[in-house]
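Undergrad: Shown below is the structure under consideration.
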Amino acid sequence: MDWSREEVEAIVADYLQMLTLELAGQSFNKTEHRRRLQGTLSGRSDASIEFKHSNISAAMIDLGFPYIRGYQPRSNYQALLGIVAEEQVRGKATLDQVALAAVQQPAVVPTQTDFKSVKSEAPKKQHRVTESTSPLLFKAVKRDYLEREAQNRSLGLAGEEFVVLFEHWRLLELGQQRLADRVEHVSKSKGDGLGYDVLSFESDGKERLIEVKTTTFGRDTPFFVSRGELALSQGVKDQFHLYRLFEFRKSPRLFDLPGALDQHCLLDPVTYRASFGYCSGPVKS
């Protein structure tokens with residue numbers, strides 16, 4: 655059964671309150687929030703509410719916002735949900751302030767002694783599903799916070815330096831001290847126009863060209879790719895790797911997208927906003 659407008663308004667408002675608290679660094683209890691919601695909803699189960707939270711996460715990504723940790727985005731959400739989410743975020747001045755502060759905050763390279771737990775599985779590319787009648791295009795919000803974060807040079811530089819350390823460790827684990835010592839932060843030493851940030855190596859000495867994209871937020875957060883980076887990934891498929899760092903301030907993790915980026919991600923043809931299936935707009939459920 656589709657959710658009514660009243661139900662959608664209630665759950666979106668509650669989600670935005672939790673997101674505001676999370677971005678402000680304040681604690682909250684998801685279980686308590688869910689129990690309070692059940693009193694205003696029409697007998698919705700815990701599973702139904704959790705699923706809707708994940709739908710809202712996908713809508714927040716479409717709006718250019720980060721999503722709540724633990725509510726992994728689920729696309730193909732109810733069209734009404736997208737409309738309500740857009741309506742409500744425009745009236746949340748505090749959410750705007752904490753989101754902007756979160757994406758613009760300077761970053762430093764975290765102290766990392768154990769790189770064994772850093773690698774993660776990459777999200778899977780999903781097929782787009784769009785609503786056939788008047789798809790909702792999110793253009794009315796003040797700013798794309800994910801794009802703002804992508805422009806945070808301090809965060810980007812810290813992520814690149816982290817990858818230099820990671821690659822040094824990886825090659826040492828392979829018994830390649832000589833190659834480990836040759837890992838180079840090329841965007842710093844040679845400039846950032848090469849289409850990649852870190853020069854590393856395979857165990858046989860073949861060059862590995864690594865572009866680094868860093869986010870403070872979750873694994874499924876979209877990232878932005880330049881035309882030059884896309885062209886390089888297609889031109890030297892056997893050498894190019896995109897390392898996506900996520901949860902950077904909390905506990906850095908990364909996944910690796912080797913080769914041509916368009917085989918892993920959905921690409922907006924204008925901006926090359928790369929995602930794993932969450933920027934297609936809403937559909938009815």
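Counting from 655, one number per residue, gives the positions in the sequence shown under our numbering.
The beta-carbon is built from N, C-alpha and C at its ideal position, and this holds for glycine as well.
Are at least three pairs of beta-carbons, each pair with one atom in the stretch 769 to 781 and one in the stretch 708 to 725, less than 8 Å apart?
TA: The stretch 769 to 781, when compared against the stretch 708 to 725, does not touch it at the 8 Å Cβ threshold.
Undergrad: Taking the DSSP output, what are the residues bridged to H895?
TA: Its beta-bridge partners are I864, P912.
Undergrad: Can you tell me the Cα-Cα spacing of N683 and M672, whole angstroms?
TA: So the two alpha carbons sit approximately 9 Å from each other.
Undergrad: According to DSSP, simplified to helix, strand and coil, what is E660?
TA: Helix at E660.
Undergrad: Which of helix, strand or coil does DSSP assign to E838?
TA: In this structure, E838 counts as strand in the three-state DSSP scheme.
Undergrad: Could you round the C-beta distance between L886 and Y850 to whole angstroms and report it? I think they count as a contact, below 8 Å.
TA: Sure, about 7 Å apart at Cβ, within 8 Å.
Undergrad: Relative to the C-alpha of Q692, which residue among N709, R744, E661 is closest?
TA: Q692 has its Cα closest to that of E661, out of N709, R744, E661.
Undergrad: Does the beta-carbon of K938 have 16 or more other beta-carbons within 10 angstroms, so that it is buried, or is it exposed?
TA: Its pLDDT being 43, under 50, K938 is placed unreliably by the model, and nothing is read from it.
Undergrad: Is the stretch 812 to 819 touching the stretch 877 to 896, taking contact as three or more C-beta pairs under 8 Å?
TA: No, because fewer than three Cβ pairs between the stretch 812 to 819 and the stretch 877 to 896 fall closer than 8 Å, the two stretches do not touch.
Undergrad: State buried or exposed for E686, treating a residue as buried only when at least 16 other CB atoms are found within 10 Å of its CB.
TA: Per the 10 Å Cβ criterion, exposed.
Undergrad: Is the distance from the Cβ of A761 to the Cβ of L677 below 7 Å?
TA: The answer is no: Cβ separation not under 7 Å.
Undergrad: Tell me the DSSP secondary structure of L920 in three-state form.
TA: It is a strand residue.
Undergrad: Taking only beta-carbon positions, decide if P876 is within less than 7 Å of chain B.
TA: Note that chain B does not occur in the displayed structure, where there is just one protein chain.
Undergrad: One question on the structure: do L826 and K746 come within less than 7 Å of each other, judged by their Cβ atoms?
TA: Cβ distance not < 7 Å, so L826 and K746 don't count as in contact.
Undergrad: What residue ranges within the stretch 746 to 783 form continuous alpha helix (DSSP H) runs of no fewer than 4 residues, ordered along the chain?
TA: Fully enclosed alpha helix (DSSP H) runs of 4 or longer: 747 to 758.
Undergrad: Just list the residues that DSSP pairs P903 with in beta bridges.
TA: This sequence places Arg at residue 903; Pro is not what is there. R903 is not bridged to any residue.
Undergrad: Can you say whether P777 is buried or exposed, counting buried as having 16 or more other CB atoms within 10 angstroms of its CB?
TA: Classification of P777: buried, given that the 10 Å Cβ count is 16 or more.
Undergrad: Are the stretch 829 to 847 and the stretch 892 to 901 touching, with three or more C-beta to C-beta distances below 8 Å?
TA: They do not touch, by the three-pair rule.
Undergrad: Alpha carbon to alpha carbon, what distance is there between S905 and V743?
TA: Roughly 28 Å between the two C-alpha positions.
Undergrad: Tell me whether the beta-carbon of R728 lies closer than 7 Å to the beta-carbon of A739.
TA: Cβ atoms of R728 and A739: not closer than 7 Å.
Undergrad: Once DSSP output is grouped into helix, strand and coil, what is the label at V879?
TA: In the structure shown, V879 sits in coil (DSSP, three-state: anything other than H, G, I, E or B).
Undergrad: Could you check the C-alpha separation between A928 and F909 for me, to the nearest Å?
TA: The alpha-carbon atoms of A928 and F909 are separated by roughly 14 Å.
Undergrad: Rounded to whole angstroms, what's the CA-CA distance from K860 to L899? Just pull it up for me.
TA: Taking the straight line joining both Cα atoms gives about 23 Å.
Undergrad: Should A701 go down as buried or exposed, given a rule of 16 or more other Cβ atoms within 10 Å for buried?
TA: Counting Cβ neighbours within 10 Å, A701 comes out exposed, since fewer than 16 surround it.
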